[in-house]
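Under this note's numbering, the first residue of the sequence shown is numbered 694, with each subsequent residue one higher.
All C-beta atoms, glycine included, are put in the ideal place defined by N, C-alpha and C.
Bear in mind that the values here come from a model prediction, so they are computed numbers and not experimental data.
Have a look at the structure below, then the notes.
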Amino acid sequence: MVAVFWYNTNSLVLRHTIFYAFIIFLLYMIAFYVPLRRIHKPKNELADYQVLTDTGTLWLPKSLTQTEVICPILISPKLNEQFADTLTKITRTDQTNINPNQIDDCPQFKQIHGDQPSVSDEELQFPLAFSFNVHKQFTQFARLFRAVFRHHNAYCIHVDYKADREFRKQVMRLVNCFGPNVYVIPRERSISVKWGDLSTLEAWIRCAEFLLNQSSVRWKYLLNGSGQEFPLRTNWELVRALKAINGSNIVESNGPNTDVDWVPNKSFSFNFTWFNGSFYTALRKEMIQFALRNKYATEILTALRREDHRPKFQHELFFSTLNYNSQFNAPGACAEVHRQTQSDPLSTFVARYAVWLPQPCLSERSQRNVCIMGVRNIPTLTNRYEFFVNKFIYDFQPLAYDCLEWWLFRKIQYERNSGHTASSFDPSFYANLYCSKNHL
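Laid out in structure tokens, this is it:
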């Protein structure tokens, strides 16, 4: 019996050893035969990787830990399923990847492929504003912020009131690194954000008020986000997409909401229909003014605030209701409601890509009914039209995040070298969306 057990155990070890030896050999062969354009990368963009197996840790040779070797394989639509399974087991040897102290070396930290991102004349004439609500995982947010930062845009960061002091300190160092067009809401004005209630919108309002009234940047659109996302578009692509939507807003609607458990139990001085949709939007500046000043908007917001003690996802009612009641005459509002369906590309909600349960989740891991992005999602993500993707957990299948960043940075580098956006980017897709063609 002992002999049989010993034989089975050693047989299992042998099979694992042969399998992972084959994977290393395969990586070597790909690295040798696949023609890759080698690009020097600053030290702060490198990561070392290891494979976690059932029998222990398999350390990968240095020559295989470069994203230029692994990422072209990962983003390929022909990614082999067995190989993809191995890539899910790869972790970073240094989970932080960016030491917060490196931000003290600000010029190097801000570099993308060894240089500052270039800014085209088209981008300079169409500045954008961004607001972020963050509370944890500084390294992940720092990398996101580096990807979206351009010196002519405006940025506002709301740090959750509950965030620990060290996290806020790190964010302040990030702000000092990137310059005067980045603003952080002071802690005494910060909101204690709770999932599923109006506090998420209240945090957005803090940033929107600042960007509208105090920012010196004459921005055209405000895009909001969180620290667990990553952009699918370069800044230049965002500008061309937002110009293509022809003055409309990008706001999701899941259709009229008549659920009494969601909407405030109150009568109003005007007639309207409640709509709900994603909190994440791209709103033209005039729409921001409308949302903060208009009598319809303020009465709706007051009603939502009266019930902010009840987690009813009030933040998902505000923008959609303003944008899909045409009698409000909100600037850029959609004249018709087209609920997003996979069979109708013109209904695509391009502000955000997310996979909601019960849709198939390739990573088999979710958080609050949202699928966490993993390595199997990357080939699809690089062909999506959305502006951002939600969401990532930083230490979960880290190659997914690292390779998506690698792919985006390659596009940014291409723009810098060629003087135009990638040929795969098609602004006409955004121009043909329903709301782009029919809005107020």
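Check: Which complete beta strand (DSSP E) runs does the segment 765 to 828 hold, if anything under 3 residues is left out?; Outcome: 783 to 785 and 821 to 827
Check: Excluding the 5 residues flanking Trp-912 on each side, which residues of the same chain have their C-beta closer than 8 Å to its C-beta?; Outcome: Pro-820, Leu-821, Ala-822, Asn-846, Ala-847, Leu-904 and Lys-978
Check: Given this structure, state the Cα-to-Cα distance separating Pro-1120 from Leu-817, to the nearest angstrom.; Outcome: 18 Å
Check: Only counting the same chain, and skipping five residues up and downstream in sequence, which positions put a Cβ closer than 8 Å to that of Gln-833?; Outcome: Gly-920, Gln-921, Phe-1085, Tyr-1087 and Tyr-1094
Check: Exposed or buried, which one is His-1113 when buried takes at least 16 other CB atoms within 10 Å?; Outcome: exposed
Check: The alpha helix (DSSP H) spanning Asn-917 covers which residue range?; Outcome: Asn-917 -> not in any alpha helix (DSSP H); beta strand (DSSP E) instead, spanning 914 to 919.
Check: Going by C-alpha to C-alpha distance, which of Asn-1016, Ser-1036 and Thr-974 sits closest to Ala-1028?; Outcome: Asn-1016
Check: Applying the 10 Å Cβ sphere with the 16-neighbour rule, what's the burial state of Pro-1053?; Outcome: exposed
Check: Mind checking which residues open and close the alpha helix (DSSP H) that includes Phe-983?; Outcome: 978 to 986
Check: Determine the contact status of Ser-948 and Arg-1032, defining contact as a CB-CB distance below 8 Å.; Outcome: Residue identity differs from the one stated: residue 948 is Gly in this sequence, not Ser. Going by C-beta atoms, Gly-948 is nearer than 8 Å to Arg-1032.
Check: Under DSSP, the alpha helix (DSSP H) around Val-932 begins and ends at which residues?; Outcome: 928 to 937
Check: Kindly indicate which three-state DSSP category Tyr-1046 falls into: helix, strand or coil?; Outcome: strand
Check: At 3 residues or longer, and completely inside the segment 857 to 904: list those beta strand (DSSP E) runs for me, N to C.; Outcome: 875 to 877
Check: Using the Cβ count rule (16 or more neighbours within 10 Å means buried), how would you classify Glu-859?; Outcome: exposed
Check: Between Gln-1035 and chain D, is there a C-beta pair that is closer than 8 Å?; Outcome: Within the model displayed, chain D is absent; a lone protein chain is all it includes.
Check: Beta-carbon within less than 6 Å of Glu-895's beta-carbon, same chain only, minus the 5 sequence neighbours each way: which residues are those?; Outcome: Ile-884
Check: For Ser-909, which option in Ala-1124, Arg-986, His-844 and Pro-1038 has the closest C-alpha, if you only look at C-alpha atoms?; Outcome: His-844
Check: For Ile-723, which three-state DSSP category applies?; Outcome: Confidence at Ile-723 is low in this model, with a pLDDT of 45, below 50, so its placement is unreliable and no value can be given for it.
Check: Cα separation between Phe-725 and Val-762?; Outcome: Per-residue confidence for Phe-725 stands at a pLDDT of 41, beneath the threshold of 50, marking its modelled position as unreliable; the derived number appears in the next sentence. Near 9 Å, if we compare the C-alpha coordinates of Val-762 and Phe-725.
Check: I need the boundaries of the alpha helix (DSSP H) containing His-1008, first residue and last residue.; Outcome: 1008 to 1017
Check: Which whole-angstrom value is the C-beta distance of Ser-971 and Glu-1009, which I expect to be below 8 Å?; Outcome: 7 Å
Check: Give every residue of the same chain whose Cβ lies closer than 7 Å to the Cβ of Ala-984, excluding the five residues on either side of it in the sequence, and list them in chain order.; Outcome: Ala-990 and Leu-1015
Check: Put Tyr-854 into one of helix, strand or coil per three-state DSSP.; Outcome: coil
Check: For Phe-718, name the three-state secondary structure that DSSP assigns.; Outcome: Only weak support is given to the placement of Phe-718: the predicted model assigns it a pLDDT of 48, under 50, and the value that follows is read from those uncertain coordinates. It is helical.
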